[in-house]
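Residue numbers (this note's numbering): 33 to 227.
C-beta atoms are modelled at their ideal positions from N, C-alpha and C, and glycine is treated no differently.
First comes the structure, then the notes that go with it.
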Ligand SMILES: [Zn+2]
């Protein structure tokens, strides 16, 4: 059957169902809406936490966009350590082309997940030459000891965490995902203030 949809949703060699281009995309183009059917829930709610465990949710200010999983959309995009698209949270959320995408190619994004004491939780199978081996950047309790927040709210990071952060920062820059650093910084400050 002929379809005008610029993407299709089918089984992926990376994981589960993925999003695949049906035509060529050029950088800057919107590839697919994040979730054609969605609900917004408060970021601190139990529902937001539960949804984050089972599917890709999207934080947007004080709310979290929870996709209706009966309707496929950009939320099905797999993670890659060399993504060809970027997820933007503004408005209803969208997946935008980062590098030229050929018809048939899987559309991938960089999740930028940060975990705490869960190294090895989500091994990465993206197959990119520079694959990090894990979808998460994991922060251990040892790492948290390296973070100090001064009364003036300045964040001081000592070794060995500082070296890891610099490496990650350089990696993110190399794949045009510098914005991911913000999630990580927020998480480090939250954990450091809790200790
Ligand atoms: Zn990878």
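Between the C-alpha atoms of residue 157 and residue 121 there is a straight-line separation of about 25 Å.
Classified as exposed, residue 191 has fewer than 16 neighbouring CB atoms from the shown chains inside 10 Å of its CB. At a cut-off of 7 Å, the beta-carbon of residue 69 does not count as near ligand 1: no heavy atom of the ligand is closer than that.
Residue state for residue 176 is assigned as helix, using DSSP reduced to three classes. Taking the Cβ of residue 196 as the reference point, every heavy atom of ligand 1 lies at 7 Å or farther away.
One alpha carbon belongs to residue 90, the other to residue 127, and they sit about 12 Å apart. Excluding residues up to 5 positions away in sequence, 91, 94, 95, 96 lie with their Cβ nearer than 7 Å to the Cβ of residue 75 in the same chain.
Here residue 169 carries a strand assignment [DSSP, helix/strand/coil].
Closer than 7 Å to some heavy atom of ligand 1: that does not describe the Cβ of residue 126. DSSP assignment within the stretch 58-132 yields the following whole alpha helix (DSSP H) runs of 4 residues or more, N-terminal first: 78-86. Taking 8 Å as the cut-off, the beta carbon of residue 107 is found closer than this to the beta carbon of residue 66. Residue 109 sits close to residue 139, with the two beta carbons spaced by under 8 Å.
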